[in-house]
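Below is one structure, written out as structure tokens; the observations come after it.
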Ligand SMILES: [Zn+2]
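Residue numbers (my numbering): 1 to 320.
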């Protein structure tokens, strides 16, 4: 038997004993070293209706391969790996990373599993997935190094976008948020400037400054999308990286008059996972700064409660 953090509904997550998953010929079993809480996991915990009761969530994780099926190629016992969740796995990841052991079905090297170099810790390995989201956003945005880029929202994805932009050679990065703690972190990760919109009005702050060539919307509020379209320079780009549950009403004329590129970005490719591995390996940016809290699997309930507080937590790491 092995421990797993099982979701049972709104604000209900319990540590339970479950049988260690059995490896079939195409599967890989991972002993989880670290798994971070994603916004999706938090939403599942907060609402109780995203995943069916009994789900072991967690898709941002890394650890050691302890067993590999006969048909699995290029992945063997003893390899240190991170998981690249397939789109359907983010929705319902059965046997996810909030557990001592996670089973990856149809394990395929460089498809849903990547091997980590020894220079990357399990905790850093768990950060590769959110980093790849930011990097994919930056690749979709394709900014010029001299561009002025504004990021709305300094949550985990906004901060991962800062890292991606820095790695792409962009230095003029302004980040806005309500949380001073998150803004301070944005500065540490390489933002050139931050604005606490709880203290100062965005329009006033921008005042006579040049309009930014690119705006990355990571706040997930409709007003921010409106601001982005109004604020961006003529021929500028607006990247939609946040997830919206509400519909956004758009004035197409405003897109047309300024000839704005409106770009969507959701997931990532294996290439972007490798870019994330390279960024961490280079040691130029200390991605571990994203980790604000660490909990054992036994304390997973407390970990989720801490993750709720945007003024306190960025990335909360569970270490089974
Ligand atoms: Zn995630």
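Here a beta-carbon is modelled for each residue, glycine too, at the ideal position from N, C-alpha and C.
Taking 8 Å as the line, does the beta carbon of residue i fall inside it for any heavy atom of ligand 1?
i           : result
residue 5   : no
residue 39  : yes
residue 130 : yes
residue 133 : yes
residue 59  : yes
May I ask which residues mark the beginning and end of the alpha helix (DSSP H) holding residue i?
i           : result
residue 279 : 270-282
residue 231 : 222-231
residue 205 : 202-206
residue 160 : 156-167
residue 40  : 39-47
residue 136 : 122-141
residue 242 : Per DSSP, residue 242 belongs to no alpha helix (DSSP H) and is neither H nor E.
residue 189 : 180-189
residue 209 : That residue, residue 209, is in no alpha helix (DSSP H); it is neither H nor E in DSSP.
residue 318 : Where residue 318 is concerned, there is no enclosing alpha helix (DSSP H), although the beta strand (DSSP E) it sits in stretches over 315-319.
residue 300 : 300-307
residue 173 : That residue, residue 173, is in no alpha helix (DSSP H); its beta strand (DSSP E) goes 172-177.
Given residue i, which residues of its chain have a CB within under 6 Å of its CB, disregarding the five upstream and five downstream residues?
i           : result
residue 91  : Reliability fails at residue 91, whose pLDDT of 47 lies under 50, so the model's placement of it is uncertain and the value that follows must be treated cautiously. So the list is empty, once near-sequence residues are dropped.
residue 3   : 15, 100 and 297
residue 224 : 152 and 217
In the DSSP assignment, find the unbroken beta strand (DSSP E) run with residue i in it and report its ends.
i           : result
residue 114 : 113-115
residue 9   : 2-9
residue 264 : 261-264
residue 151 : 148-152
residue 62  : 60-68
residue 32  : 28-36
residue 16  : 12-18
residue 103 : 101-104
residue 291 : 291-296
residue 257 : Not the beta strand (DSSP E): residue 257 falls in the alpha helix (DSSP H), residues 252-257.
Less than 7 Å between C-beta atoms, sequence neighbours within five positions excluded: which residues of the same chain meet that for residue i?
i           : result
residue 137 : 161, 164, 216, 239, 241 and 265
residue 183 : 154, 175, 177, 194 and 196
residue 77  : 65, 66, 67 and 68
residue 95  : 21, 56, 102 and 103
residue 311 : 179 and 181
residue 198 : 178
Can you round the beta-carbon distance between residue i and residue j to whole angstroms, since I take them to be within the 8 Å contact cut?
i           : j           : result
residue 102 : residue 51  : The pair is not a contact, with the Cβ atoms about 15 Å apart (cut-off 8 Å).
residue 135 : residue 304 : That pair is no contact at about 27 Å.
residue 285 : residue 189 : 6 Å
residue 280 : residue 124 : 5 Å
residue 131 : residue 263 : The Cβ separation is near 19 Å, so there is no contact.
residue 170 : residue 212 : With a Cβ gap of about 11 Å, residue 170 and residue 212 do not count as contacting.
Please go through the same chain and pick out, in chain order, the residues whose beta-carbon is closer than 8 Å to the beta-carbon of residue i, but skip the five residues on each side of it.
i           : result
residue 93  : With a pLDDT of 49 at residue 93, under the threshold of 50, the modelled position of this residue cannot be trusted, and the question is left open.
residue 75  : 28, 65, 68, 81, 107, 109, 113 and 115
residue 313 : 292, 293, 306 and 307
residue 70  : 25
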